[in-house]
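Residue numbers (our numbering): 182 to 404. Even glycine gets a Cβ: it sits at the ideal position worked out from N, Cα and C. Comments concern the structure below.
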Ligand code: B16
Ligand code: MG
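What follows is the structure in C-alpha cells.
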C-alpha cells in the first residue's frame, strides 16, 4: 500500500470535486430529457456523473427506449443544444462557486510543492477553471478529445500522471463519481472519493465533503 510520503502529485476531477457543475450538467440534461419525453430520475442523474457528453446522451435515450429514434447528426444536434444551455450557466460562474475548502486545499498543495493535473471528462473544463480563476493551478490538463475511452476506463487518469512525469502510484486521484473512482483504481493511483461512502465504496478513502479534504486528513488515512 502506498504511503503518504510516496505521494508527489494529485490528479483532480473537476465537476463535483472543485466545483458543483454536476448540478448545472444535471439541469441541462433534465431539460433535454423533458423535451424528448424521457422521464428523469435521481439514478439517471447520478449515473451521468463523469460520463462524456455523447455517452450521457446515449444513456438518457436508452433510459427512454429511444436510442434508435435519432440519426447520428440529430444526436450531435441534441448534445449541442444541451451544451449551449450548460455553457450559458457556466458563463455566470465566479470564484464563489469553488466548493468549500477546495481553494485552501489547492493553495496548500501548491505551497508544499505537489504537482497538479486535471482529469476531467468535460470539454468545457478550461472555461470552468477560467471562470473560477483557477487556471494557474492547473498548467497540465488532460484533453478529453485525445481519449479513446471515457471513465471508468483508466486512460484519463493514466494520462493525468503522465503529464506530471510521475508513476501512477505516486499520485492521488480525486473523484466524486463511482465511474471515476473505478478509473483511478484501474490506473494504479490512490483513489480519494468525495461523497456517499456506499456509492464510492471502491475508493481507498472516502470523505463526506470537500471541506474535509485536507493534507492532514489524507496523511492520517494513508499512514
Ligand atoms: P462536457 P468530470 C464530466 O466532468 C461531468 O461529470 C459529466 O456530467 C459531463 O457529461 C462530462 O464531464 C462531459 O462534459 O459536456 O462539458 O464536455 O466529472 O469528469 O469533471
Ligand atoms: Mg466529477
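message = Runs of 4 residues minimum, wholly inside the stretch 289–330: which ones carry the alpha helix (DSSP H) assignment?
response = The stretch 289–330 contains these whole alpha helix (DSSP H) runs: 306–312.
message = For residue 385, which residues in the same chain have their Cβ closer than 6 Å to its Cβ, ignoring the five residues on either side in sequence?
response = Taking the chain shown and counting its residues from 1, the one referred to as residue 385 is at position 204. Here the set comprises 371, 372.
key: Beta-carbon separation (whole angstroms), residue 300 vs residue 271, contact threshold 8 Å   = Numbered from 1 along the chain shown, position 119 holds the residue referred to as residue 300. Numbered from 1 along the chain shown, position 90 holds the residue referred to as residue 271. So it is not a contact: roughly 19 Å between Cβ atoms.
request  = Kindly indicate the opening and closing residues of the alpha helix (DSSP H) around residue 237.
outcome  = Taking the first residue of the chain shown as 1, we reach residue 237 at position 56. Taken as a continuous stretch (DSSP letters only), the alpha helix (DSSP H) holding residue 237 covers 234–244.
task = For residue 249, count neighbouring Cβ atoms within 10 angstroms of its own Cβ and tell me buried if that reaches 16, exposed if not.
result = Looking up residue 249 in the chain shown gives position 68. Exposed, since its Cβ has fewer than 16 Cβ neighbours within 10 Å.
Residue 399 versus residue 185: straight-line alpha-carbon distance, rounded = Mapped onto the chain shown, residue 399 falls at position 218. Mapped onto the chain shown, residue 185 falls at position 4. Straight-line Cα distance between these residues: approximately 8 Å.
request  = Keeping to the same chain, check which residues put their C-beta closer than 6 Å to that of residue 203; ignore five residues upstream and five downstream.
outcome  = Along the chain shown, one-based indexing puts residue 203 at 22. Hits under 6 Å: 196, 197, 230.
query = What's the gap between the Cα of residue 233 and the Cα of residue 333?
reply = As a position in the chain shown, residue 233 is number 52, starting the count at 1. As a position in the chain shown, residue 333 is number 152, starting the count at 1. Residue 233 and residue 333: Cα-Cα distance of roughly 11 Å.
query = In chain order, what residues of the same chain have a beta carbon less than 7 Å from the beta carbon of residue 402, not counting five sequence neighbours either side?
reply = Along the chain shown, one-based indexing puts residue 402 at 221. Cβ within range, chain order: 386.
task = From the DSSP output, read off the bridge partner residues of residue 374.
result = The residue you call residue 374 lines up with position 193 of the chain shown. Paired residues: 356, 387.
message = Buried or exposed, going by whether 16 or more other CB atoms sit within 10 Å of the CB of residue 397?
response = Along the chain shown, read from residue 1 onward, the residue named residue 397 stands at position 216. Taking all protein chains shown into account, residue 397 has fewer than 16 neighbouring C-beta atoms within 10 Å of its C-beta and is therefore exposed.
task = With DSSP as the reference, label residue 204 as helix, strand or coil.
result = By one-based count along the chain shown, residue 204 stands at place 23. Assignment of residue 204 by DSSP, reduced to helix, strand and coil, places it in the helix class.
inquiry  = Considering only the alpha carbon of each residue, which of 356, 328, 296 lies closest to residue 189?
reply    = Locating residue 189 in the chain shown gives position 8, where the first residue counts as 1. It is 296 whose Cα lies nearest to the Cα of residue 189.
Beta-carbon spacing of residue 259, residue 267 below 8 Å = By 1-based counting over the chain shown, the position of residue 259 is 78. By 1-based counting over the chain shown, the position of residue 267 is 86. At the C-beta level, residue 259 and residue 267 stay beyond 8 Å of one another.
query = From residue 242 to residue 404, what distance separates their C-alpha atoms?
reply = Position 61 of the chain shown, counted from the start, is the residue given in the question as residue 242. Position 223 of the chain shown, counted from the start, is the residue given in the question as residue 404. Spanning the two alpha carbons is a distance of roughly 45 Å.
message = Once the 5 residues before and after residue 207 are set aside, which same chain residues still bring their CB inside 8 Å of it?
response = On the chain shown, residue 207 is found 26 positions in, with the first residue counted as 1. The answer, listed in chain order, is 226, 229.
query = From residue 277 to residue 224, what does the alpha carbon distance come to, in whole angstroms?
reply = Against the chain shown, residue 277 aligns to sequence position 96. Against the chain shown, residue 224 aligns to sequence position 43. Computed Cα separation, rounded: 28 Å.
query = In its own chain, which residues sit with a C-beta less than 6 Å from the C-beta of residue 287, not counting the 5 before and 5 after it?
reply = Along the chain shown, read from residue 1 onward, the residue named residue 287 stands at position 106. Taking C-beta separations shorter than 6 Å and ignoring five residues to either side along the sequence, the partners of residue 287 in its chain run 318, following chain order.
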